[in-house]
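1 is the number of the first residue of the sequence shown in full-length UniProt numbering; add one for each residue after it.
The structure appears right after this line, and notes come after that.
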Amino acid sequence: LEFAISADGDQIKTEKSNTTMLEFVLLGFSDIPHLRWMLFGIFLLIYLAILMCNSIIIVITQTDPALQTPMYFFLNNFSLVEICYVTVTIPRMLMDLCTQKGNISLYACATQMCFVLLLGGTECLLLTAMGYDRYVAICNPLQYPVVMSHKVCMQLVAASWISALPAVIGQTYQIFSLPFCGSHRINHFFCDIPPVLKLACGDTFVNEMAVYVVAVVFVMIPFLLTIASYGKIISSILKLSSARGRAKAFSTCSSHLMVVVLFYGTAGITYLQPKPNQSERIGKLISLFYTVLIPALNPIIYTLRNKDIMVSLRKLLAKVLK
């Protein structure tokens, strides 16, 4: 074994032919230390708001008899995924902002990446299932109770959770099997694929191609299927003779379409653009959108634009305030 001194003076244990790096450092927002307490307060408030709003959605979609439909069953599961998704990244980011220490072990980094990818993939597939649900409801309303039975909904949700698992585990194992022989500083606030791959030495072409393949399967294909569903939906809505019917159909779909565009847009930019073209600062900003800001907006989009949810929420508040 040999010992090499890194640029920042840290001692890293290495082998002559390979590097064993047992710890990384997440730089997070260390380049703007004067804003760390303001960022801590903002992200803490956003995190608590995400937890509270999604928990309320889960409670009302499970307890209100009027919301026992496939659409709200999917929304219930989507809210649960959102809670898990932000919990994988934001608490760690808050701790790093508070302590100004971003040390994270290789295994903790791999675990965080695995869960971020798994939950992100699950969100993509759930959004596709929700798009299919709206397609059947609007384009084939007479067959809707049969096509979207409770059994089918359970199978779609289970498939959303399970389908990404093998690819995510394989992807994570492949990346963390690489030798890391340069800096051990990750210029990001969580262990994401692009910044971790930048630290690997040697040829990472195979890994980058694997990232593209997985991104196409779990981001591009679900997105295209969802857009195709909405193409059919919009075509059917425009054929409705009643203006009120068209307005109601658009209102039930617009919230979901808004979430789809926001989430897929930012995730696609991160995982589908070539590695050399990714600015670390821009990559960090885009990641903030799909890991923090969009999850914060989703409950607002789904509640404020949904009359049934608002009615159920008022009922819940009336019970609580009695």
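Just so you know, even glycine gets a beta-carbon here, dropped at the ideal spot from N, CA and C.
Treat the numbers as computed from the prediction; the structure is a model and nothing was measured.
Open item on the list: Taking only three categories from DSSP, how would you classify I186?
Closed with: Note: I186 maps to strand in three-state DSSP.
Task: Selected residue, minimal CA-CA separation from A228, among A49, V59, D96 and Y135 - done: Of the candidates A49, V59, D96 and Y135, the one whose C-alpha sits nearest the C-alpha of A228 is Y135.
TODO: Report the residue ranges of all alpha helix (DSSP H) runs contained in full by the segment 254-294; include only those spanning at least 4 residues, in chain order.
DONE: Counting only runs of 4 or more, we get 280-288.
TODO: Spatial neighbours of Q68 within its chain, please: CB distance less than 6 Å, with the 5 preceding and 5 following residues excluded, ordered by chain position.
DONE: Non-local C-beta neighbours of Q68 in its own chain, meaning closer than 6 Å and more than five positions away in sequence, are absent.
Open item on the list: Less than 8 Å between the C-beta atoms of L119 and C84, yes or no?
Closed with: Yes. Within cutoff.
Open item on the list: Assess contact between the segment 216-225 and the segment 122-134, defined as three or more Cβ pairs (one per stretch) separated by less than 8 Å. Is contact present?
Closed with: Three or more Cβ pairs closer than 8 Å define a contact, and the segment 216-225 meets that threshold against the segment 122-134.
TODO: Tell me whether S149 sits in a helix, a strand or coil according to DSSP, three-state version.
DONE: The answer is coil: DSSP assigns S149 none of H, G, I, E or B.
Open item on the list: DSSP three-state label for I234, please.
Closed with: I234 sits in a helix when the DSSP states are folded into three classes.
TODO: Within 10 angstroms of the Cβ of A66, are there 16 or more other Cβ atoms? Answer buried if so, exposed if not.
DONE: By the 10 Å Cβ count, A66 comes out exposed.
- [ ] Following the continuous alpha helix (DSSP H) through L26, name the residue where it begins and the one where it ends.
- [x] Note, L26: premise wrong, no alpha helix (DSSP H); beta strand (DSSP E) at E23 to L26.
- [ ] Counting only the same chain and skipping the five closest in sequence on each side, list residues whose C-beta sits under 8 Å from that of C139.
- [x] Counting only Cβ-Cβ distances below 8 Å, and skipping sequence neighbours, we find K232, I233 and S236.
TODO: Within the segment 61-111, note down every full beta strand (DSSP E) run reaching 3 residues or more, in order along the chain.
DONE: Listed in chain order, the complete beta strand (DSSP E) runs (minimum 3 residues) inside the segment 61-111 are 103-105.
- [ ] Just tell me which of G28, I57, V213 and Y72 has its CA closest to the CA of G102.
- [x] Closest option to G102, Cα to Cα, is G28.
- [ ] Compare the C-alpha of L156 against each of S251, T99 and F73 and name the closest.
- [x] Of all alpha-carbon atoms in S251, T99 and F73, the one lying nearest the alpha-carbon of L156 is that of F73.
Open item on the list: Measuring only the C-alpha atoms, how far is T172 from F190?
Closed with: So the two alpha carbons sit approximately 14 Å from each other.
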